[in-house]
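Number of protein chains: 2
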Amino acid sequence: MRLLLVEDDPALGPRLAKDLKRKGFAVDLVSTGIDAEYMGDEIPYDIVILDLGLPDLSGLDVLKNWRSKGNNVSVLILTARDDWQERVDGFQAGADDYLGKPFHFEELLERINALIRRSHVKPDTETSGAGIRLDDRRQSVINQLDQEYSLTGTEYRLLRYMMLHKNEVLSKQTLTEHIYDDHSDKDSNVIEVYVRRLRKILGNDVIQTKRGQGYVFGDKL
Amino acid sequence: MRLLLVEDDPALGPRLAKDLKRKGFAVDLVSTGIDAEYMGDEIPYDIVILDLGLPDLSGLDVLKNWRSKGNNVSVLILTARDDWQERVDGFQAGADDYLGKPFHFEELLERINALIRRSHVKPDTETSGAGIRLDDRRQSVINQLDQEYSLTGTEYRLLRYMMLHKNEVLSKQTLTEHIYDDHSDKDSNVIEVYVRRLRKILGNDVIQTKRGQGYVFGDKL
DNA sequence: AATCTGTGTAACACTTGTGTAACAACCGAT
DNA sequence: ATCGGTTGTTACACAAGTGTTACACAGATT
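As they're listed, the protein sequences go chains H and L. Here the first sequence is numbered in numbering that gives the first Met the number 0, starting from 0 and rising by one per residue. Here the second sequence is numbered in numbering that gives the first Met the number 0, starting from 0 and rising by one per residue.
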């Protein structure tokens, strides 16, 4: 899951970014509204955490600009001033959720996960499928034989993204974009290598190859 | 689906072309207005993606010229300058849709698919027919017996085109033109070979031969 | 410091999609 | 019936795309 964190507090920003990375997100951190708007335009984030108190543009303006361009990314607003009117403004500008500072990291995390689940819900999406269950808290996976494996960070990020987009052809480039934060995707076979590692854990049936197009997580044909 | 991409940005153009090809389009990329107009005159595209900021002619002029010649191809306008007046001008010149840069590839794709569906709508068209359902997300097909088959790139492109033009006689040349981007269609039996492969998957009834004229996808006579 | 673990790269082996070619079967007209 | 052209069928070669393994490096852990 690729996440944009917009936070200008020099203490809070990096710390949050680090914690989120540890939880398996690919995090880009920016501290100004202009940067935020630019990044959101350029990169297909899965979610944006947006602080309202920014030095240049207001976070609300950034959000409004995105929405007017048709960018429907999930946005969670973060702000110190927790008053009622502002909350309404935030939702009217197109925010999906709202969290006042100070907050507990766990609560932020839960809200992020809720938003991601909601936005990916086609009919039925959960982090299970094809006999596989993903345990988000432990970053581990349980295969068809009820064997539990602990996943490394990258394995987890890849599998999670694929499971949230099951039965969809995902190109290697798309996967790269959502799993890494910068990573100039030149000619690398990382995805292939990690797909192999996942198949070794989950069995070969769970991820199909669409030659020339990408990979599909889902039940066998 | 054969698509003309008119884009002079040397970074964006090739990347977009590649992504679109991966999604099953036959893409011709040109970077000048003169080339664009010529290609649009010569080749029956299913859709044109037209950047307005070109070095020679304006994209708007290209579009106006096409329309004045009676070329009604679907045109999606793409431009960096996202202002209101220009949008109006674009629609007045005969554009079918409009997308401001920067944009997310997914959004472009959705708009393209919407345009294609819209322009092919006879009474009822969806990507189903004759007991066959095409799953665009997985690029696979489900036959009358509910068996799912994974299609290769070329199989998918051919079947998709035929299904969007069901109950229409499609000559081998027409099919070639809409499935391949260049492909000097000398004497090749590619289409015959792929029709055979599709029939092997779907059964023989689904695609009829019109001797000397072409093939028809649709329910049996 | 020494070790371990996760990560990504590089090299090579392998598989598959693709289009061509050759031939067989078919159709429709004479 | 026969003939000529069109289409069906199969097998094959090639290239591009993937799979697989081993390894080097870096950061964390001890």
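Glycine included, each C-beta is placed from N, C-alpha and C at the ideal position.
When the options are compared against residue i, the one with the closest alpha-carbon
i, options, result
"N112/L", "E41/L, I190/L and I48/L", "I48/L"
"V192/H", "K171/H, Q143/H, H177/H and R137/H", "K171/H"
"K251/H", "H164/H, G52/H, L150/H and N71/H", "Here chain H comprises residues numbered 0 to 220, so residue 251/H is not present and cannot be evaluated."
"D88/H", "S57/H, E106/H and K100/H", "S57/H"
"L107/L", "Y179/L, D18/L and E36/L", "D18/L"
"A92/H", "D60/H, I115/H and P54/H", "D60/H"
"S67/H", "G52/H, E36/H and D145/H", "E36/H"
"G211/H", "V168/H, L53/H, R137/H and G217/H", "V168/H"
"Q138/H", "L3/H, K20/H and I190/H", "K20/H"
"N115/L", "G213/L, F24/L, D8/L and G217/L", "In the sequence on display, residue 115/L carries Ile and not Asn. The candidate whose alpha carbon is nearest that of I115/L is F24/L."
"S73/H", "I141/H, D8/H, L174/H and M0/H", "M0/H"
"N166/L", "L75/L, D55/L and D218/L", "D218/L"
Residue i versus residue j - alpha carbon distance
i, j, result
"K22/L", "N188/H", "21 Å"
"L77/H", "L98/H", "5 Å"
"A79/H", "D135/H", "29 Å"
"T208/L", "E147/L", "24 Å"
"L62/H", "H103/L", "16 Å"
"D241/H", "E154/L", "As shown, chain H starts at 0 and ends at 220. That puts residue 241/H outside it, with no answer to give."
"R110/H", "D96/H", "8 Å"
"D181/L", "A16/H", "48 Å"
"Q143/L", "G152/L", "22 Å"
"E6/L", "W65/H", "23 Å"
"H164/H", "K100/L", "26 Å"
"D50/H", "I33/H", "13 Å"
"D186/L", "V215/L", "21 Å"
"G69/H", "G39/H", "11 Å"
"T175/L", "L174/H", "32 Å"
"D8/L", "S30/L", "8 Å"
"G130/H", "N71/H", "32 Å"
"L3/H", "F90/H", "19 Å"
"H177/L", "L133/L", "18 Å"
"M162/L", "E105/L", "23 Å"
Proximal chain L residues relative to residue i, where beta-carbon distance stays under 9 Å
i, result
"V74/H", "Correct list: empty, because the minimum Cβ distance to chain L is about 15 Å."
Proximal chain H residues relative to residue i, where beta-carbon distance stays under 9 Å
i, result
"G99/L", "K68 and G69"
Within chain L, partners of residue i - CB distance below 7 Å
i, result
"V215/H", "R137"
Cross-chain neighbours of residue i in chain H, by beta carbon under 7 Å
i, result
"E106/L", "G69"
"G152/L", "G211 and Q212"
Beta-carbon neighbours of residue i, restricted to chain L and to distances below 8 Å
i, result
"S170/H", "D18 and R21"
Closer than 8 Å at the beta carbon, the chain H residues around residue i
i, result
"H103/L", "P43 and N70"
beta-carbon residue i near the ligand FMN non-hydrogen atom, thresh 6 Å
i, result
"L144/L", "As far as ligands go, the structure on display features none, and thus does not contain the ligand FMN."
| When Cβ atoms are compared, which residues of the region 154-167 of chain L fall closer than 7 Å to chain H? | none
| task | Mind the definition here: the region 148-162 of chain H touches the region 2-18 of chain L only if three or more C-beta pairs lie below 8 Å; say whether that holds. | result | no
| the region 38-65 of chain H: positions lying closer than 8 Å to chain L by Cβ | D40, E41 and P43
| Can we say the region 196-204 of chain H touches the region 43-57 of chain H, given the rule of at least three CB pairs closer than 8 Å? | Here the region 196-204 of chain H does not lie against the region 43-57 of chain H, with fewer than 3 beta-carbon pairs under 8 Å apart.
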